[in-house]
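Here's the structure, in structure tokens; my notes come after.
Chains as they are written, first to last, in UniProt numbering: chain A, 1 to 511; chain F, 1 to 403.
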């Protein structure tokens with residue numbers, strides 16, 4: 001029991017001390033704990049602060065990133081826009097048809113430029129009242145829709161405000177658009193937005209040197225698509241390209257038309273000329289036929305005249321008194337001349353109409369000349385003319401009909417004798433000239449005026465000079481010569497100096 | 001297995017459809033004398049302009065007995081690059097793989113979960129008693145909350161079955177997108193393909209966006225709607241980062257910004273954050289996303305660089321070349337679901353992404369894909385047991401081969 005009492009007393013004491021110690025310890029612990037808590041709190045606060053700071057930095061980063069992305073997006077759009085623009089320019093500039101130019105702006109290209117919709121209108125100022133708008137192309141709209149807003153835009157007369165503003169316009173309104181002057185423009189932009197169902201767009205007037213042709217607008221329906229200033233520039237470039245191509249197309253159209261007109265006229269004129277030519281050919285043919293017929297008809301009576309004249313002159317019908325004889329001889333001589341004239345005429349017409357058959361064989365020029373010099377020798381002597389011929393020994397032969405070539409020589413040498421005064425000189429020379437042989441007959445006669453050189457080969461042409469009044473001739477000799485030479489595929493020409501003689505040269509193919 | 005791609009840029013949808021099939025045939029023909037009836041499935045992707053009824057009419061006339069599935073995209077991705085106005089067809093002929101196709105229409109008028117269940121049920125019925133390997137889905141990219149629909153599918157097919165696919169797109173107008181099922185073209189619809197029997201399925205999903213700044217907590221959300229972040233209206237996050245002196249930014253601008261700078265949800269164990277971008281902004285400042293954002297989730301603002309985005313594509317495609325477990329057989333063709341936002345970020349370098357995928361997959365492997373308004377793919381972290389999730393801004397690639 002006592003133990004119990006003591007025990008209780010001690011126990012109480014011990015408990016009291018224990019409680020005291022425990023409270024003390026707890027106090028100390030608590031004291032430490034609150035200190036740690038305070039530290040911890042400060043720590044957390046610090047952490048919170050740095051987190052907030054971090055977040056502020058994040059905000060900066062995000063804003064920079066946004067800015068960067070915006071720039072990047074614009075750059076990307078510009079680059080791909082430029083590529084597309086280049087392709088578009090190529091597509092446009094390869095056509096010269098005004099209507100085709102706009103159809104080349106395909107929907108896919110519009111999309112690549114970063115737009116959903118596009119349309120182009122042309123102004124038509126030819127009618128009175130509001131300028132008419134003609135739909136040139138549309139992408140992202142159906143035909144009816146496009147026609148409908150085309151009509152609405154016309155009614156609102158939006159174009160006047162745009163033209164007043166300048167060539168570039170877009171829904172990115174410039175600063176200060178709210179002021180009084182710009183209000184009209186701002187309203188026009190809003191009208192386009194509503195009428196064409198676009199939340200943003202960019203456009204440009206298309207101008208040519210004749211003034212404004214029309215306009216092109218590209219835009220987006222979706223509010224998510226962002227328009228940039230680069231878009232405006234791009235549209236501007238495209239519009240310039242369009243304007244130039246339209247100008248080119250117009251120019252081409254004009255050139256093409258005038259070219260066609262020219263071609264038509266040339267055709268017309270050619271036709272006129274060819275019908276004139278055939279008429280002339282017809283006439284010429286008839287002339288030849290006529291000459292040939294007349295000559296034949298003339299020759300028959302002439303033969304009788306000559307015949308009777310020679311009978312009379314021969315005295316077969318009795319001796320004629322002297323004056324009669326003289327007259328008869330004149331008749332005879334003139335008849336001979338007439339016969340020669342008619343023969344020449346006949347020859348010309350024969351050669352002209354191709355009725356003469358040439359016997360082409362290799363001929364030796366030297367031989368032919370020797371043959372004719374015999375004929376002319378008496379005449380040379382009579383007029384005391386010095387005749388010489390200079391033919392190279394190794395001269396090849398010519399391809400010709402011997403009889404015809406002889407006639408050429410007879411005519412040319414005969415003429416030379418006629419026009420060379422007594423004591424003069426006549427010479428014949430020949431030389432090889434590529435594939436042909438040129439033969440020249442020169443005299444020291446009175447010569448031919450330069451202006452007549454071309455004409456002397458014409459039929460019946462005679463140089464009008466003092467000498468010619470006395471010298472007889474038909475005016476057919478040289479024509480005949482020309483026809484013969486040309487029938488041999490040769491050429492003939494004359495050169496002369498007035499008073500210093502003349503030279504006739506003809507060429508014939510070498511054998 | 002025979003497989004071949006055909007692509008046409010013809011402006012007439014009817015002709016384009018026929019032309020694409022003909023071209024695919026040309027590519028398949030030298031390999032086989034098989035006739036038309038034995039083509040197991042045709043995947044068709046077309047840009048919005050060509051997505052007309054006549055397109056499918058043309059295709060179906062060429063392939064009367066083949067199931068046709070697909071949808072519209074903001075661009076077509078194929079080994080030949082990117083086409084912004086084209087239709088492409090991938091024909092597959094396999095005796096070992098079964099493709100069970102079904103569609104669910106009028107999604108806007110139905111309970112999404114039930115609709116998902118119905119779609120899954122219909123494909124299951126068609127597959128029959130074969131093992132299932134994966135589910136491919138093409139659904140309207142303009143549906144505001146696809147997550148619940150996917151939940152419905154998961155409930156039917158099991159949560160660990162990989163669901164991979166893309167949300168159909170238009171030409172960035174966000175007006176109307178199309179889904180293809182045989183000769184029918186619809187909007188507000190989902191088309192599913194359950195792949196089964198002896199198939200090998202591999203997939204990869206990556207985006208390459210990196211987190212930035214401090215993480216914030218989603219203080220209030222429901223489904224795909226983020227109401228508040230750190231007890232402030234959700235949009236304030238964008239105001240803080242992009243607004244001049246934190247002034248309010250217009251809704252449209254936020255949608256535009258969120259494509260480039262999406263929100264990233266931290267997912268424990270995953271290599272990358274799960275991305276979400278805004279498809280809508282409510283008047284109270286709530287952000288509407290395509291995928292769910294759980295309340296209490298830790299999110300960050302994300303930023304992508306060209307380099308990291310290209311690297312991600314390479315990694316996603318590279319995943320198809322890895323042999324996983326018993327599946328050491330190679331895949332023979334691939335479908336690519338690439339977010340349109342990546343195309344936007346990459347700009348002119350977009351074709352480099354396709355090149356990177358091509359190089360990773362190997363020059364000879366045919367692949368076909370489109371630019372999506374969202375991707376569907378599984379998460380690989382253990383905690384998620386391979387559950388599929390809705391992704392944004394990512395590239396999801398599925399490869400299929402025979403066991």
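Glycine included, each C-beta is placed from N, C-alpha and C at the ideal position.
For residue i, the three-state DSSP class (helix, strand or coil)
i: residue 110 of chain A; result: helix
i: residue 115 of chain A; result: coil
i: residue 511 of chain A; result: coil
i: residue 202 of chain F; result: strand
i: residue 71 of chain F; result: strand
i: residue 261 of chain F; result: coil
i: residue 237 of chain F; result: helix
i: residue 303 of chain F; result: strand
i: residue 55 of chain A; result: helix
i: residue 425 of chain A; result: strand
i: residue 123 of chain F; result: helix
i: residue 376 of chain F; result: strand
i: residue 360 of chain A; result: coil
i: residue 291 of chain A; result: helix
i: residue 212 of chain A; result: strand
i: residue 135 of chain F; result: strand
i: residue 501 of chain A; result: coil
Minimum Cβ-Cβ distance from residue i to chain F less than 8 Å
i: residue 239 of chain A; result: no
i: residue 73 of chain A; result: yes
i: residue 69 of chain A; result: yes
i: residue 31 of chain A; result: no
Interface partners of residue i on chain F, CB under 8 Å
i: residue 58 of chain A; result: 212, 213, 214, 241, 301
i: residue 54 of chain A; result: 213, 214
i: residue 63 of chain A; result: 241, 242
i: residue 66 of chain A; result: 242, 257, 260, 261
Min CB distance residue i to chain A below 8 Å
i: residue 382 of chain F; result: For residue 382 of chain F, the pLDDT reaches just 47, beneath the cut-off of 50, and the residue's location in the model is therefore unreliable, leaving the point undetermined.
i: residue 261 of chain F; result: yes
Interface residues of chain F facing residue i [CB-CB closer than 7 Å]
i: residue 13 of chain A; result: Going along chain F, no residue has its Cβ under 7 Å from residue 13 of chain A, so there is no contact; the nearest lies around 55 Å.
i: residue 76 of chain A; result: 347, 348
i: residue 51 of chain A; result: 214
Interface residues of chain F facing residue i [CB-CB closer than 9 Å]
i: residue 125 of chain A; result: Within 9 Å Cβ-Cβ: nothing; residue 125 of chain A doesn't reach chain F, min ~35 Å.
i: residue 79 of chain A; result: 348
Other residues of its chain near residue i: CB distance less than 6 Å, five sequence neighbours each side excluded
i: residue 152 of chain F; result: 113, 116, 117
i: residue 503 of chain A; result: 440, 442, 495
i: residue 242 of chain A; result: 206
Cβ-based neighbour list, residue i, same chain, cut-off 7 Å, excluding 5 preceding and 5 following
i: residue 400 of chain A; result: 360, 363, 488, 508
i: residue 254 of chain F; result: 235, 238, 278, 281
i: residue 484 of chain A; result: 351, 404, 407, 408
i: residue 28 of chain F; result: 2, 4, 91
i: residue 383 of chain F; result: For residue 383 of chain F, the predicted structure reports a pLDDT of 48, less than 50, and the residue's modelled location is therefore unreliable. A value from the coordinates is still provided. Excluding positions up to five away in sequence, the list reads 268, 269.
i: residue 257 of chain F; result: 238, 242
i: residue 262 of chain F; result: 209, 275, 276, 277, 302, 392, 393
Heavy atom of the ligand PLP within 7 Å of residue i beta-carbon
i: residue 123 of chain F; result: Of the ligands one can find in the structure shown there are none, so the ligand PLP has no counterpart to examine.
Discussion item. Give me the subset of the segment 190-217 of chain F whose CB atoms are less than 8 Å from a CB atom of chain A, sorted by chain position.
Written reply: Result list: 212, 213, 214.
Discussion item. Along the segment 100-118 of chain A, where does the CB come closer than 7 Å to a CB of chain F? Name the residues.
Written reply: Those residues of the segment 100-118 of chain A that come within reach of chain F (Cβ to Cβ, closer than 7 Å) are 108, 111.
Worksheet item: Just by C-beta distance, which residues in the segment 149-178 of chain F are closer than 8 Å to chain A?
Response: Of all residues in the segment 149-178 of chain F, only 171, 172, 173, 174 place a beta-carbon less than 8 Å from a beta-carbon of chain A.
Item to complete: Output, in sequence order along the chain, the residues in the segment 52-84 of chain F whose CB is closer than 7 Å to any CB in chain A.
Response: Hits within the stretch, in order: 84.
Item to complete: Please list the residues of the segment 334-353 of chain F that have a C-beta atom closer than 7 Å to any C-beta atom in chain A, keeping them in chain order.
Response: Within the segment 334-353 of chain F, the qualifying residues are 347, 348.
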